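J.: Numbering (my numbering), first residue to last: 70 to 467.
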Ligand SMILES: *Cc1c(COP(=O)(O)O)cnc(C)c1O
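1. Look at the alpha carbon of residue 280 and the alpha carbon of residue 458, and state the distance between them as a whole number of angstroms.
2. Which of the three DSSP states is assigned to residue 348 in this structure?
3. For residue 235 and residue 310, I'd like the C-alpha separation in whole angstroms.
4. Who are the near neighbours of residue 79 in its chain, counting only those whose CB is closer than 6 Å to its CB and skipping five residues on each side?
5. Report the residue from 284, 404, 305 whose alpha carbon sits nearest the alpha carbon of residue 293.
6. Across the stretch 385–402 and the stretch 236–250, are there enough close Cβ pairs to call them in contact, namely three or more that are closer than 8 Å?
7. Could you tell me which whole beta strand (DSSP E) segments of length 3 or greater appear in the stretch 281–360?
8. Distance check for residue 295 and residue 144, CA to CA, integer angstroms please.
9. Going by beta-carbon coordinates alone, are residue 278 and residue 290 separated by less than 8 Å?
10. Along the chain, where does the beta strand (DSSP E) containing residue 417 start, and where does it finish?
11. Start and end of the alpha helix (DSSP H) containing residue 370?
12. Straight-line CA distance for residue 237 to residue 318?
13. Give a single yes or no on whether residue 418 has its beta carbon closer than 7 Å to a heavy atom of ligand 1.
14. What does the Cβ neighbour count give for residue 189, buried or exposed, with the cut at 16 atoms within 10 Å?
15. List in chain order: all unbroken beta strand (DSSP E) runs of 3+ residues lying wholly within the stretch 128–202.
16. Could you tell me which uninterrupted beta strand (DSSP E) segments, each at least 3 residues in length, are contained entirely in the stretch 401–439, listed from first to last along the chain?
17. Excluding the 5 residues preceding and the 5 following residue 203 in the sequence, name in chain order all residues of the same chain whose CB lies nearer than 7 Å to its CB.
18. Are residue 381 and residue 255 touching if we call contact CB-CB under 8 Å?
19. Please identify the residue among 91, 139, 150, 186 whose C-alpha is closest to the C-alpha of residue 160.
20. CA-CA distance, residue 410 and residue 275?
21. Give the DSSP-derived three-state secondary structure of residue 273 in the structure shown.
22. For residue 249, name the three-state secondary structure that DSSP assigns.
23. Report buried or exposed for residue 139, applying the criterion of at least 16 other Cβ atoms within 10 angstroms of its Cβ.
24. If you reduce the DSSP assignment to three classes, tell me which class residue 16 lands in.
25. Compute the Euclidean distance between the alpha carbons of residue 399 and residue 440, then round it to the nearest angstrom.
26. Is it buried or exposed for residue 407, if we count other Cβ within 10 angstroms and need 16 for buried?
27. Quick one, are the C-beta atoms of residue 302 and residue 128 less than 8 Å apart?
28. Thinking just about the alpha-carbon of each residue, which of 90, 113, 112 is nearest to the one in residue 103?
29. Given that a residue counts as buried once 16 or more other Cβ atoms are within 10 Å of its Cβ, and exposed if not, what is residue 216?
30. Where do the ends of the beta strand (DSSP E) carrying residue 224 lie?
31. Throw me the rounded Cβ distance for the residue 218 and residue 250 pair, which I believe falls under 8 Å.
32. Buried or exposed for residue 182, please, with buried defined as at least 16 other CB atoms from any protein chain shown within 10 angstroms of its CB.
33. Since residue 120 is in the alpha helix (DSSP H), which residue starts that stretch and which ends it?
34. Between the stretch 365–372 and the stretch 333–344, can you find at least three pairs of beta-carbon atoms closer than 8 Å?
35. Could you spell out the range, first to last residue, of the beta strand (DSSP E) harbouring residue 467?
36. Can you give me the Cβ contacts of residue 339 inside the same chain, cut-off strictly under 7 Å, excluding the 5 residues immediately before and after it?
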């Protein structure tokens, strides 16, 4: 199989279409799908050699690595500017592996408090059960990060933009605090997307994505990926993932490769719609608040613009009238579908209090600012004028 030589001066859009492709002897146009559990060796000697040390294009078993999955890993690593990447079965497999592969009992982790529900479960329940001490902080307070780190802090964990309250964390500043104690900075970058930000340039050591969101962006598969230095990916992460079984399916990798071809176009169009929706409804009498990092009224607007130039593809509304008003609003929407994904071509509305963040106590939700009237809007690829009209009629009904 011939790989295209990695051309570092290509711009993002070119890499999204071509990077990492490996063509078979048939010279196919689309990336080939190697839907195989494992690989055949030409001799006993070759099998022995491959187990001793597999080269770049030598595969053993698809739980360890697979050519289609490798194409996806190389393409996303090139976009992110990372030395290497390991793909996983879901975003949560990626989050869990990024932490569990490097921590042991007695270690300390500092994490932002405003987290995706499952990330909170991993940090608050699973890791603590294995003797890892976790301190949660207000991610937007640099003083809180400074006060929480200790000499045994091995990792800091944060979402670049929190879900669903869209708080933006100053990654450069947090990374500087972490570096003082030698802690690894792990960023779950789903909401910033690989096209709007380069968090490794801001000082993060490890980046994690749920590829289920914008990277697929068409509601088809679950997937995830962890990116970082070659040393971290090959020596820390790979042994953990390869033996614990969180591998990505080759078919998923193939769909994600196709998704990446249009990733930049989709995310830019979706971010533009999110900005227009946020601007159209800011100050609406039926809303307590419109939260969107691209609005100058957002508390971390400047950090958002410095880190990603745009406000992202999600906008959050807080409706007056609490949960009953939020439910009436959801039920009245005609184009937006009620679901819990985001970053999809289809616009999606979510009520976090009763779905994605239901597991938390009222107190925890209060601390995170997840109010009963809060609704999360993920903007899709429909005509934004239709979306604005849909929201307007649903607000009238609510
Ligand atoms: C969706 C999501 C995850 C989990 O991803 P899955 O692919 O659903 O496992 C993790 N972090 C964030 C911020 C997410 O939005």
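Beta carbons: idealized from backbone N, C-alpha and C, even for Gly. These figures come from a predicted structure and were not determined experimentally.
T.: Taking the structure as given:
1. Rounded to whole angstroms, residue 280 to residue 458 spans 30 Å at the Cα level.
2. Three-state result, residue 348: helix.
3. Distance between the alpha carbons of residue 235 and residue 310 is about 30 Å.
4. A distance below 6 Å between beta-carbons, with the five flanking residues on each side excluded, links residue 79 to no residue of its chain.
5. Here the closest residue by C-alpha is 284.
6. Here the stretch 385–402 makes no contact with the stretch 236–250; the two share fewer than three CB pairs at distances below 8 Å.
7. Correct list: 293–297, 356–360.
8. In this structure, the alpha-carbon of residue 144 lies about 13 Å from that of residue 295.
9. No. Outside cutoff.
10. Where residue 417 is concerned, the enclosing beta strand (DSSP E) stretches over 417–419.
11. Unbroken alpha helix (DSSP H) run through residue 370: 370–377.
12. About 32 Å.
13. No, Cβ of residue 418 sits at least 7 Å from all heavy atoms of ligand 1.
14. Buried: at least 16 other Cβ atoms inside 10 Å.
15. Counting only runs of 3 or more, we get 153–157, 177–181.
16. Every beta strand (DSSP E) of 3 residues or more that sits fully in the stretch 401–439 is shown, in chain order, as 417–419.
17. Cβ within range, chain order: 178, 180, 192, 193, 196, 197.
18. With respect to residue 255, residue 381 sits apart: the two C-beta atoms are not nearer than 8 Å.
19. Here the closest residue by C-alpha is 186.
20. Those two C-alpha atoms are separated by around 23 Å.
21. Under the three-state reduction of DSSP, residue 273 is assigned to coil, being neither helix nor strand.
22. Helix.
23. It is buried - the Cβ of residue 139 has at least 16 other Cβ atoms within 10 Å.
24. Residue coverage of the chain in this structure runs from 70 to 467, which leaves residue 16 outside it and unanswerable.
25. Distance between residue 399 and residue 440, taken at the CA atoms: about 15 Å.
26. Residue 407 comes out exposed.
27. Note that the C-beta distance between residue 302 and residue 128 is not below 8 Å.
28. Nearest to residue 103 by C-alpha distance, out of 90, 113, 112, is 90.
29. Its Cβ having fewer than 16 others within 10 Å, residue 216 is exposed.
30. DSSP places residue 224 in the uninterrupted beta strand (DSSP E) bounded by 222–228.
31. About 5 Å separates the two Cβ atoms, so the contact holds.
32. Buried.
33. Annotation: the continuous alpha helix (DSSP H) that includes residue 120 extends over 113–121.
34. No, because fewer than three Cβ pairs between the stretch 333–344 and the stretch 365–372 fall closer than 8 Å, the two stretches do not touch.
35. For residue 467, no beta strand (DSSP E) segment is defined, and its DSSP state is neither H nor E.
36. Around residue 339: 382, 448, 449, 450.
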